[in-house]
Amino acid sequence: MAEELLAITVLWGFVFIYAVMATMDFGAGFWSMIYLNRPKIKATNVANQYLSPTWEVTNTFIVAIVVAVYSLFPAAAYTLGTVLLIPGSLILLLLAIRSAFLVFSNIAEEYRKPLTYVSGISGILIPGLLISVLPITHGNFVDFADGRQSLDLARLFTSPNEYAFIGFAISSTLFLSSLLLADYSKASEEMEAYSVYRRDAIILGPISIAMAILIMFTLKKEALWIYEKMLEDLPVLLFSLGLFLLGGLALFLPSVNKKGVKGIPRLAVVAVTLQYLAASYVYGKAHLPYIVYPEVTIASAFTDPSSFRAIFATYIAGFLILFPGFIYFWSLFMNDKRYLRQKQTKEPT
Amino acid sequence: MSDLLIARSLFGTTMGFHIIFATIGVGLPLMMLTAELLYQKTKDQDYVIMAKRWTKAFAVLLGVGIPTGTIAGTQLSLLWPGFMEVIGKVMALPFQIEIYAFFIEALFMSIYVYAAERIPPWMRISSLVFVALGAFASAVLITNVHAFEGTPQGFRIVDGEIVDVDPWAAFFNPSFFVTAGHVALSAYTTGAFVVASVAAFKMLRTPFGTRVYNFHKKALMLSLIIGGVFSFLTALNGHESAQYLHEYQPEKLAAAEGLFETQSYAPLAIGGFTDRETQEVKWGIEIPWALSFLAGNSFDTVVVGLNDFPEEEWPPLFVHTLFNAMVGIGSLLILLSLVAFVWNKFLKKDRFPRFFMWAFVASGPLAVLGIEFGWIFACTGRQPWTIYRVLSTADSVTTAENLGILFILFALIYAVLGVAVVFVMLYYFKKNTVIDDINRAEQKNVPLYGSNT
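Residue numbers (our numbering), protein chains in the order written: chain F, 212 to 560; chain Y, 251 to 703.
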């Protein structure tokens, strides 16, 4: 059992990292579209400056998740592959349009507007579809009949729980990304962009929490098993809520290094990321041992033990090799004042 | 169409579209790296400009290559869950390691492009080395899965259950090196000839002897040298690949050559079409004894024919044509670079005749076609199996039905992306001409890499 737990923890780790990076990625794409017609506040610039170097790295994580599922839990990959054919294909189609047009919009300056609209809109739909994987794994919409598995799309898209998840995904995407961009614009000393993103975060924070509560309410009706198990960790959920409040508070505290500016966005980003970490820990723990309820568990889907050990060894080796690369990357794009404070109207592609 | 056929068509379309970008995406970084190194050696600014322009093209191609690669990787699970269940248990390592190669490529590509002006030259070169290495490694690793499909090992199947899994034995399956080598070498060939195409086309459109003409001529010569070397290496390796087929997948070789009867002193059929009824290659040229020699280095090598296998396990017979087309294109590319070399170095002519120039223009698209033919040959030639003699394609496919609509949607998106990528490329390079970049490079303090008009 220990190896299965280790494996599902690795997978959960990938999912969490991707969830955070993807919300920032898709959110930044969306904001860059929203503020396209207000060049003076530089909000679009800041978003693009974050997005341009990071989208490829973010995209690699989704491939990492898919690969982790089929290499760690091949039998789950069989079920998920079968039932996710339609939603998965839709995600892929949107992802293709989004990434390609994101690149195109940076290359073809004159057509930047229409191209940005295409990538921004397709991008914001992706988190809504991606998160649908979660309610699907709760099992209500999967028919396991005589060895064949299929997804009941009609039931999925008439379920309030599904819409609560979609709403949560989109509001969280916008919330987390506006928080991050607030921090990023403050570091870039784009104070107008900062105040815009700070305002967006203040509006979206409560909405995302409301959506999270809505998920709990609908979960109670549709997947009682996971609801009850989540409530077993009520203290952690409350702690998560506390982190949310701390994040909110951080946006109103006076800035440490800048006089007359409200907010410590860096603290807010950290607190809110931890908030999501705590909440997804509770959710993930309650989901165990099922990968797809009630047929596929981490034990029944687990790969061959010798394969697992080989893969796990590459995780460690890969991490050791990649870690310095990530640090260097971070220092060049997140922490280098020369990059953050370049005052050019045309950002690099 | 049956759902199996639609699933195959859908996945085949995805791969057929993706490999254009993937192949150039492996080949182009080597060209960029060569140009950067030449710049450091010669201090000739033309080379840094080449590197910059190829980098821009590479970035645009990645915009399609990355999402289509993501599609390919995910569609494996969506369309072929039965196949991926086996692969997940036995052959997950290459996928897993490929992820790290992706990360390295993505991280250092961003560093190379967006931090070019902030990092020292040696770091720029190192970043490019990592990009090229990452691209090379992902090609090699994903090809390894393909190699495993042809020469599976590292597990046993007892009563339908997979047992005795040895993931590293599966990883180092017999055809890994030769197959992966073929893909990597042919990708470098293709990357070089794609550059040669553009350079030759531009030379035809630019007055002889001008600054811009000389710029393109340097690019052409560089790409012909690299293309020539790698096309020759591809051919050597291709010969070895064929011998591997002879040893491990004889029916694939038999179908590739249109050979029905097992025989020594087997003839090599070039061209023509295989006829199932009369069991012969029609309208082809036969070279006596040649196939036996190619397969086993001696004329009396016995080459197994299709009739030794049950007909339902035959690969489709049209693979003979694909195989010939691939080999034909490869040979043509070698010939082309040889002639160019002789013309330029031995006859000391400084201009190529127009006919040559148009042949160079054709070389890039031909190389890409050669890649397509090769992949279609390699994958349809393995039918009816996804894992040779272990798992059939019919047992691999999803149980979901009504795949037709998905096929149409994906084909539509590929068409849109294919057209858009051409337009964006044309637009960008029309806006940023070679002259613009030369001017930027000659002025200090004007960023070359970050420039966009």
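The C-beta atom is built at its ideal place from N, Cα and C for all residues, glycine as well. None of these values were measured; they are calculated from a predicted model.
Mind checking whether K532 of chain Y and R632 of chain Y have CB atoms under 8 Å apart?
No; because the gap between Cβ atoms is not below 8 Å, this pair is not in contact.
In three-state DSSP terms, what is P538 of chain Y?
In the structure shown, P538 of chain Y sits in coil (DSSP, three-state: anything other than H, G, I, E or B).
What residue range does the alpha helix (DSSP H) around S361 of chain F cover?
First-last for S361 of chain F: 359-362, but that is the beta strand (DSSP E), not the alpha helix (DSSP H).
Give a yes or no on whether 8 Å exceeds the smallest Cβ distance from L271 of chain F to chain Y.
The sequence as given places Thr at residue 271 of chain F; Leu does not occur at that position. Yes, contact with chain Y.
What does DSSP give as the partner residue(s) for A519 of chain Y in the beta ladder?
In DSSP, A519 of chain Y forms a bridge with Y:E536.
Just list the beta strand (DSSP E) runs in the region 573-622 of chain Y, keeping only unbroken ones of 3 residues or longer that don't cross its boundaries, in chain order.
Qualifying beta strand (DSSP E) stretches: none in this window.
Beta-carbon separation of M244 of chain F and G378 of chain F under 8 Å?
Their beta carbons are not under 8 Å apart, which means M244 of chain F does not touch G378 of chain F by this criterion.
Looking only at C-alpha atoms, which of Y:I663, Y:T429, Y:F673, Y:T643 sits nearest to P255 of chain Y?
The sequence given here places Leu at residue 255 of chain Y; Pro does not occur at that position. For the residues Y:I663, Y:T429, Y:F673, Y:T643, the minimum Cα distance to L255 of chain Y belongs to Y:T643.
Under 9 Å Cβ-Cβ, which residues of chain Y neighbour D354 of chain F?
Chain Y residues near D354 of chain F: none, gap ~12 Å exceeds 9 Å.
Would V294 of chain F and A288 of chain F qualify as a contact pair, given that the criterion is a beta-carbon distance under 8 Å?
For V294 of chain F and A288 of chain F, no; Cβs fall outside 8 Å.
Closest by CA to L287 of chain Y, which one among Y:N464, Y:S377, Y:N652?
Checked all of Y:N464, Y:S377, Y:N652; the closest Cα to L287 of chain Y is Y:S377.
Are the CB atoms of G238 of chain F and L313 of chain F nearer to each other than 8 Å?
Against a cut-off of 8 Å, the Cβ pair of L313 of chain F and G238 of chain F comes out as no contact.
Taking R601 of chain Y as the reference, give the member of Y:K468, Y:L659, Y:H496 with the closest Cα.
Selected option, being the one with the closest Cα: Y:K468.
Tell me which same chain residues have a C-beta within less than 7 Å of the C-beta of K397 of chain F, skipping the five on either side of it?
Here the set comprises Y405, P476.
Whose C-alpha, out of F:M441, F:G224, F:Y261, F:L531, is nearest the C-alpha of M545 of chain F?
Closest by alpha carbon: F:Y261.
CB-CB under 8 Å to S581 of chain Y, same chain, minus the five flanking residues each way: which ones, in chain order?
Result list for S581 of chain Y: A485, in chain order.
By a C-beta neighbour count over all protein chains shown, 10 Å radius and 16 as the cutoff for buried, is P357 of chain F buried or exposed?
For the record, residue 357 of chain F in the displayed sequence is Asp; it is not Pro. Exposed, by the Cβ-count rule.
Which residues mark the beginning and the end of the beta strand (DSSP E) in which T636 of chain Y is found?
635-637 is the span of the beta strand (DSSP E), which, as asked, contains T636 of chain Y.
Please state the DSSP three-state secondary structure of Y501 of chain F.
Looking at Y501 of chain F - three-state DSSP - the assignment turns out to be strand.
May I ask which residues mark the beginning and end of the alpha helix (DSSP H) holding R368 of chain Y?
Premise fails: R368 of chain Y is in no alpha helix (DSSP H) and is neither H nor E.
Return the first residue and the last residue of the beta strand (DSSP E) that D354 of chain F is part of.
Counting along the chain, the beta strand (DSSP E) containing D354 of chain F begins and ends at 353-356.
Mapping the DSSP letters down to three states, classify R323 of chain F as helix, strand or coil.
Three-state DSSP puts R323 of chain F in a helix.
Less than 8 Å between the C-beta atoms of A450 of chain Y and F610 of chain Y, yes or no?
Yes, they are a contact pair.
Using the Cβ count rule (16 or more neighbours within 10 Å means buried), how would you classify F272 of chain F?
The residue is buried, with at least 16 neighbouring Cβ atoms inside 10 Å.
Would you say F627 of chain Y and M675 of chain Y are within 8 Å of each other, going by their C-beta atoms?
No, the Cβ-Cβ distance between F627 of chain Y and M675 of chain Y is not below 8 Å.
Please say whether L430 of chain F and I437 of chain F have beta carbons closer to each other than 8 Å?
Yes; because the gap between Cβ atoms is below 8 Å, this pair is in contact.
So, do the region 503-518 of chain F and the region 336-352 of chain F have three or more beta carbon pairs nearer to each other than 8 Å?
A contact exists between the region 503-518 of chain F and the region 336-352 of chain F.
Pairing CB atoms from the region 217-229 of chain F with CB atoms from the region 302-309 of chain F, are three or more of them under 8 Å?
Verdict: no, contact absent.
So with CB distances below 9 Å, who are the chain B contacts of F544 of chain F?
Absent from the structure: chain B. Protein chains present are F and Y.
Starting from the C-beta of G400 of chain Y, find all residues in its chain whose C-beta is less than 7 Å away, skip the five residues before and the five after it, and write them out in chain order.
For G400 of chain Y, where only same-chain residues beyond five positions count, the Cβ hits under 7 Å are S425, Y498, Q499, R632, Y638.
Closer than 8 Å by beta-carbon distance: list the chain Y residues that pair up with T525 of chain F, in chain order.
What T525 of chain F touches in chain Y: L343, Q346, I347, Y350.
If the cut is a Cβ gap below 7 Å, which residues of chain F does L641 of chain Y touch?
Going along chain F, no residue has its Cβ under 7 Å from L641 of chain Y, so there is no contact; the nearest lies around 13 Å.
Hey, I688 of chain Y and R461 of chain Y are a contact pair by Cβ (cut 8 Å); roughly how many whole angstroms apart?
Their Cβ separation, rounded to whole angstroms, is 7 Å, which keeps I688 of chain Y and R461 of chain Y in contact under 8 Å.
Just the C-alpha distance for T560 of chain F and N682 of chain Y, rounded to the nearest angstrom, thanks.
Low local confidence applies: a pLDDT of 40 at T560 of chain F is under 50, so the model's placement there is unreliable, with the coordinate-based value given in what follows. Cα to Cα, T560 of chain F sits roughly 14 Å from N682 of chain Y.
Could you give the first and the last residue of the continuous alpha helix (DSSP H) run that contains V666 of chain Y?
Counting along the chain, the alpha helix (DSSP H) containing V666 of chain Y begins and ends at 654-681.
Does S514 of chain Y pass the burial test, meaning 16 or more other C-beta atoms within 10 Å, or should it be called exposed?
The residue is exposed, with fewer than 16 neighbouring Cβ atoms inside 10 Å.
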